[in-house]
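What follows is a short report on a single structure.
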Amino acid sequence: MASTSSDSASTSSDSSPTLLPFNTMIHMVTIKLSSSNYLLWKSQLLPLLESQGLLGHVDGTLVPPPQFDPPTSQTPNRSHLAWKATDQRLLSLLLSSLTEEAMAEAVGLSTSREVWTALETTFSHRSKAREIRLKDDLQLMKRGTRPVTVYARAFKALCDQLHAIGRPVDETDKVHWFLRGLGSDFSTFSTAHMAQTFLPCFTDLVSKAESFEIFQQSLETSAPPVAAFTANRSSSHRGSSSFRQNRGRGYGSSSNSSHSGQNRNHTNQGRRPPRCQICRLEGHYADRCQQRYDRHEATTYLAESDWLLDTGASAHMTPDNSTLEQSVAYTELPNGKGGGNR
Numbered sequence: 000m001a002s003t004s005s006d007s008a009s010t011s012s013d014s015s016p017t018l019l020p021f022n023t024m025i026h027m028v029t030i031k032l033s034s035s036n037y038l039l040w041k042s043q044l045l046p047l048l049e050s051q052g053l054l055g056h057v058d059g060t061l062v063p064p065p066q067f068d069p070p071t072s073q074t075p076n077r078s079h080l081a082w083k084a085t086d087q088r089l090l091s092l093l094l095s096s097l098t099e100e101a102m103a104e105a106v107g108l109s110t111s112r113e114v115w116t117a118l119e120t121t122f123s124h125r126s127k128a129r130e131i132r133l134k135d136d137l138q139l140m141k142r143g144t145r146p147v148t149v150y151a152r153a154f155k156a157l158c159d160q161l162h163a164i165g166r167p168v169d170e171t172d173k174v175h176w177f178l179r180g181l182g183s184d185f186s187t188f189s190t191a192h193m194a195q196t197f198l199p200c201f202t203d204l205v206s207k208a209e210s211f212e213i214f215q216q217s218l219e220t221s222a223p224p225v226a227a228f229t230a231n232r233s234s235s236h237r238g239s240s241s242f243r244q245n246r247g248r249g250y251g252s253s254s255n256s257s258h259s260g261q262n263r264n265h266t267n268q269g270r271r272p273p274r275c276q277i278c279r280l281e282g283h284y285a286d287r288c289q290q291r292y293d294r295h296e297a298t299t300y301l302a303e304s305d306w307l308l309d310t311g312a313s314a315h316m317t318p319d320n321s322t323l324e325q326s327v328a329y330t331e332l333p334n335g336k337g338g339g340n341r
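Under numbering that gives the first Met the number 0, the residue at position 90 of the sequence shown is numbered 89, and the numbers go up by one with no gaps.
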């Protein structure tokens with residue numbers, strides 16, 4: 000019966016799939032285990048081990064054969080020798096895929112099962128803690144004053160790290176967290192997209208957010224300062240007033256001789272000389288007074304209308320005749336002792 004059991008184990012060992020060359024399997028494992036990528040490292044090893052019939056060595060489903068056959072004798076069991084050779088090759092494969100940090104966890108362990116269990120115990124907890132921390136960072140990330148491009152790049156980097164440890168972020172959560180981190184400047188943008196029945200994918204959402212940012216910047220056109228506008232209007236008033244003063248003085252001086260002649264004629268005729276209502280001097284009327292433009296014009300600092308509505312009135316009062324399409328200055332006073340009453 001012992002001989003039959005040994006032959007059965009030998010046949011089972013011989014019927015196992017032919018292993019790939021050791022060097023080939025080493026090159027198929029491209030990611031070395033560290034404290035931050037256990038899930039990714041494990042996900043690349045599992046398909047390889049299962050395809051080569053080695054998964055039972057590490058997960059404990061393949062029980063190692065007895066070391067001796069029969070167990071009470073000192074005769075080595077050929078099935079155990081074959082199992083041990085395969086297990087040591089697998090152990091070498093695992094050790095070659097570890098970083099120096101992870102290698103410290105495998106010191107003193109002699110089977111692939113022991114190494115696999117130790118690595119899982121040590122690094123699976125760290126990966127879970129890292130996953131929670133990355134998700135917290137992702138949900139709490141804010142754009143602040145950064146451009147949308149910079150914010151989106153940092154957001155995607157955290158998503159890539161979660162994907163690297165085997166915990167990819169759901170597309171809906173990714174879009175929701177990204178919109179929430181844009182801030183109050185994008186409140187209308189975020190509200191409009193969250194109200195949609197089908198949310199856009201993350202890539203399209205980033206492009207739309209960048210376009211919205213450019214649109215907002217285009218609306219922020221610089222308006223001319225109020226002080227500069229007032230200064231320009233005041234200088235315009237001063238120039239207009241100066242022109243009118245010079246014109247008034249010139250007109251008055253050029254007509255002095257005619258006034259003098261008229262005054263002399265009136266005196267000669269025994270009439271009372273005219274009295275100016277502006278300077279209170281005799282000898283001329285108010286419409287001929289040289290001081291009629293010496294009073295400073297009132298300057299308004301309020302927003303001035305570009306147009307004056309036609310109300311049907313025959314006369315308009317405005318401190319700036321440039322606001323009228325057609326303006327005619329008075330040459331005679333309608334009331335009091337003016338030229339019209341002569």
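The C-beta atom is built at its ideal place from N, Cα and C for all residues, glycine as well.
For Pro75, does the three-state DSSP call read helix, strand or coil?
-> Position 76 of the sequence shown holds residue 75. Reduced to three states, the DSSP call for Pro75 is strand.
Contacting residues, own chain, Cβ-Cβ under 6 Å from Leu53 (five flanking each side not counted) | As a first step, residue 53 must be located in the sequence shown, where it is residue number 54. Counting only Cβ-Cβ distances below 6 Å, and skipping sequence neighbours, we find Leu89.
Under the three-state reduction of DSSP, which class applies to Phe67: helix, strand or coil?
-> Here residue 67 refers to the residue found at position 68 of the sequence shown. Three-state result, Phe67: strand.
Measure the C-alpha to C-alpha separation of Leu47 and Glu104 and round it to an integer number of angstroms.
-> One-based indexing of the sequence shown puts residue 47 at position 48. One-based indexing of the sequence shown puts residue 104 at position 105. Rounded to whole angstroms, Leu47 to Glu104 spans 22 Å at the Cα level.
Between the Cα of His175 and the Cα atoms of Thr116, Gly282, Gln195, which residue gives the shortest distance?
-> Stepping through the sequence shown from its first residue, residue 175 is reached at position 176. Ranking Thr116, Gly282, Gln195 by Cα distance to His175 puts Gln195 first.
Going by DSSP, which residues form a beta bridge with Leu97?
-> Here residue 97 refers to the residue found at position 98 when the sequence shown is read from its first residue. Leu32, per the DSSP bridge assignment.
Under a three-way DSSP split, which group does Arg274 fall into?
-> Taking the first residue of the sequence shown as position 1, residue 274 is located at position 275. The answer is strand: DSSP assigns Arg274 an E or B state.
His192: buried (16+ other C-beta within 10 angstroms of its C-beta) or exposed?
-> Residue 192 sits at position 193 when you count from the first residue of the sequence shown. Buried: at least 16 other Cβ atoms inside 10 Å.
First and last residue of the uninterrupted alpha helix (DSSP H) at Val174 | Residue 174 sits at position 175 when you count from the first residue of the sequence shown. Counting along the chain, the alpha helix (DSSP H) containing Val174 begins and ends at 170-180.
With distances taken Cα to Cα, identify the nearest neighbour of Arg142 among Asp135, Asp136, Tyr150.
-> Position 143 of the sequence shown, counted from the start, is the residue given in the question as residue 142. Selected option, being the one with the closest Cα: Tyr150.
Alpha carbon of Ser210 to alpha carbon of Pro167, nearest angstrom = Position 211 of the sequence shown, counting from 1, holds the residue named residue 210. Position 168 of the sequence shown, counting from 1, holds the residue named residue 167. If I take the Cα positions, the gap works out to 27 Å.
Helix or strand or just coil, what does DSSP make of Glu113?
-> In the sequence shown, counting from the first residue as 1, residue 113 sits at position 114. Here Glu113 sits in helix by DSSP.
Where do the ends of the alpha helix (DSSP H) carrying Val205 lie?
-> As a first step, residue 205 is located in the sequence shown; it is residue number 206 there, counting from the start. Its alpha helix (DSSP H) spans residues 201-218.
Which residue comes first and which comes last in the alpha helix (DSSP H) that contains Gly55?
-> Locating residue 55 in the sequence shown gives position 56, where the first residue counts as 1. It spans 54-58 - the alpha helix (DSSP H) in which Gly55 sits, taken as one unbroken run.
Would you kindly work out how many angstroms separate the C-alpha atoms of Gln261 and Arg279, rounded to a whole number?
-> Here residue 261 corresponds to residue number 262 of the sequence shown, with the count starting at 1. Here residue 279 corresponds to residue number 280 of the sequence shown, with the count starting at 1. Residue confidence for Gln261 is low, a pLDDT of 49 falling below 50, so the modelled location carries little weight and cannot support an answer.
Mind reading off the beta-carbon distance from Ala208 to Phe185? Whole number of angstroms is fine, and I expect it under 8 Å.
-> For the purposes of this step, residue 208 is taken as the residue at position 209 of the sequence shown. For the purposes of this step, residue 185 is taken as the residue at position 186 of the sequence shown. Yes, Ala208 and Phe185 are in contact; Cβ-Cβ is about 7 Å, under 8 Å.
For Ile30, the nearest candidate out of Leu97, Glu119, Thr190, His124 (CA to CA) | Numbered from 1 along the sequence shown, position 31 holds the residue referred to as residue 30. If we check each option's Cα against that of Ile30, Leu97 comes out closest.
Exposure of Leu80, with buried meaning 16 or more beta-carbon neighbours within 10 Å | What you label residue 80 is simply residue 81 of the sequence shown in a count that begins at 1. Leu80 is classed as exposed because its beta carbon has fewer than 16 other beta carbons within 10 Å across all chains shown.
For the stretch 153-163 against the stretch 113-124, are there 3 or more C-beta pairs whose distance is under 8 Å?
-> no
Determine the direct distance from the alpha carbon of Gly165 to that of Leu181, and round the result to whole angstroms.
-> What you label residue 181 is simply residue 182 of the sequence shown in a count that begins at 1. What you label residue 165 is simply residue 166 of the sequence shown in a count that begins at 1. Taking the straight line from one Cα to the other gives about 27 Å.
What residue does the alpha helix (DSSP H) around His162 start on, and which one ends it?
-> Working through the sequence shown from its first residue, we reach residue 162 at position 163. Counting along the chain, the unbroken alpha helix (DSSP H) around His162 starts and ends at 147-163.
C-beta contact flag for Gln51 and Leu19 at 8 Å = Along the sequence shown, read from residue 1 onward, the residue named residue 51 stands at position 52. Along the sequence shown, read from residue 1 onward, the residue named residue 19 stands at position 20. It is a contact, given that the beta carbons lie within the stated cut-off.
Return no unless some Cβ of chain B is closer than 8 Å to the Cβ of Asp159.
-> This model lacks chain B altogether; it includes just one protein chain.
Do His128 and Ser33 have their CB atoms nearer than 8 Å?
-> Within the sequence shown, residue 128 is the residue found at index 129, counting from 1. Within the sequence shown, residue 33 is the residue found at index 34, counting from 1. Going by the sequence as given, residue 128 is Ala instead of His. No; because the gap between Cβ atoms is not below 8 Å, this pair is not in contact.
Could you tell me which residues DSSP pairs with Glu281 in its beta bridges?
-> Counting from one through the sequence shown, the residue named residue 281 turns up at place 282. Residue pairing by DSSP puts Glu281 in a beta bridge opposite Arg274.
Cut-off 6 Å between Cβ atoms - residues of its own chain near Ser95, not counting five sequence neighbours on either side | Counting from one through the sequence shown, the residue named residue 95 turns up at place 96. The residues are Ile25.
Can you tell me the Cα-Cα spacing of Phe214 and Leu204, whole angstroms?
-> Mapped onto the sequence shown, residue 214 falls at position 215. Mapped onto the sequence shown, residue 204 falls at position 205. Going from the Cα of Phe214 to the Cα of Leu204 covers about 15 Å.
Helix, strand or coil at Met140 [DSSP, three-state] | The residue given as residue 140 occupies position 141 in the sequence shown. DSSP places Met140 in coil when its eight states are reduced to three.
Given that a residue counts as buried once 16 or more other Cβ atoms are within 10 Å of its Cβ, and exposed if not, what is Asp169?
-> Within the sequence shown, residue 169 is the residue found at index 170, counting from 1. Under the 10 Å beta carbon count, Asp169 is surrounded by fewer than 16 other beta carbons and is classified as exposed.
When the Cα atoms are used, what is the spatial distance from Asn36 to Arg125?
-> Here residue 36 corresponds to residue number 37 of the sequence shown, with the count starting at 1. Here residue 125 corresponds to residue number 126 of the sequence shown, with the count starting at 1. Distance between the alpha carbons of Asn36 and Arg125 is about 9 Å.
Return the residue from the list Glu212, Thr202, Cys200 that minimises the CA-CA distance to Thr187.
-> Position 188 of the sequence shown holds residue 187. The candidate whose alpha carbon is nearest that of Thr187 is Glu212.
Can you give me the start and stop residues for the alpha helix (DSSP H) that Ser42 sits inside?
-> Indexing the sequence shown from 1 puts residue 42 at position 43. Here the alpha helix (DSSP H) through Ser42 covers 37-50.
Between Ser109 and Val57, what straight-line distance do the alpha-carbon atoms span, to the nearest angstrom?
-> For the purposes of this step, residue 109 is taken as residue 110 along the sequence shown, with counting starting at 1. For the purposes of this step, residue 57 is taken as residue 58 along the sequence shown, with counting starting at 1. Computed Cα separation, rounded: 12 Å.
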